[in-house]
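Asks: Below you will find the structure I want to go over with you.
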Amino acid sequence: MYKCYQPFNPVASRFLQQKWEFRRYSTHLHKDERLSAARRDNRLLVSRMKNNRTVDHRNEYRRKSLNAGKRKQDLMVISEGNQAMYQRLLSRKSVYSREHWLGDWEKTERLLKHMSRYPKEQAAKQVRPHYHHV
1241 MYKCYQPFNP
1251 VASRFLQQKW
1261 EFRRYSTHLH
1271 KDERLSAARR
1281 DNRLLVSRMK
1291 NNRTVDHRNE
1301 YRRKSLNAGK
1311 RKQDLMVISE
1321 GNQAMYQRLL
1331 SRKSVYSREH
1341 WLGDWEKTER
1351 LLKHMSRYPK
1361 EQAAKQVRPH
1371 YHHV
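1241 is the number of the first residue of the sequence shown in my numbering; add one for each residue after it.
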C-alpha cells in the first residue's frame, strides 16, 4: 500500500482493509486474464477465417451404431416382459377393500372434526378481509 493512499470506505481495522483490497485486486487480475484469453482466442479465430475464407461447419456423415440391432432386440424383450406383467396385473383381483378404506376415512374425518379448533362449516363462513394498500 502507498503511504498516502486513502481508502474510499474508512474502516477500523487495517488488516481487514488490506484483506478486502487484496481480494478486490485478485478478482480484477482474474477478470483481466479471462478477458485477454478471450481476445487471444478471437484473434486466432479471425485469422483462421481470413486464411480459409470458410469455416468448416458441415457434418454430412450419417451416424452409424454398431450395436443398434442388439439394442432393438433388448427393447423388444423388455416390452414383451412389460406387456406380460401388465396382463398379469389386470387379471388379478384387488385384495384391498374399498368399503374398508372409506369407513376408515370417515372415522379419520370425524376425529379431525372433534380435534379442530373451529368446525369446518364455521370456518367456511368466515371471510378474511382484503386490505388495499393505497
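Heads up, the beta-carbon is just placed ideally off N, CA and C, and yes, glycines get one too. None of the values given here were measured: they were computed from a predicted structure.
1) Can you tell me where the alpha helix (DSSP H) with Leu1351 in it begins and where it stops?
2) Per DSSP, what kind of secondary structure is Glu1411 in: helix, strand or coil?
3) Taking the alpha-carbon positions, what's the Ala1252 to Glu1261 distance?
4) In this structure, how does DSSP classify Ser1305 when only helix, strand and coil are distinguished?
5) If you draw a straight line from the C-alpha of His1268 to the C-alpha of Arg1279, how long is it?
6) If you run the structure through DSSP and keep just helix, strand and coil, what is Ser1331?
Replies: For this structure:
1) Secondary structure note for Leu1351: its alpha helix (DSSP H) is the uninterrupted segment 1338–1355.
2) A question about residue 1411 goes unanswered here, because the residues of the chain that appear run from 1241 up to 1374.
3) Roughly 14 Å separates the two Cα atoms.
4) The answer is coil: DSSP assigns Ser1305 none of H, G, I, E or B.
5) So the alpha carbons of these two residues sit roughly 16 Å apart.
6) Here DSSP, grouped into helix, strand and coil, assigns Ser1331 to helix.
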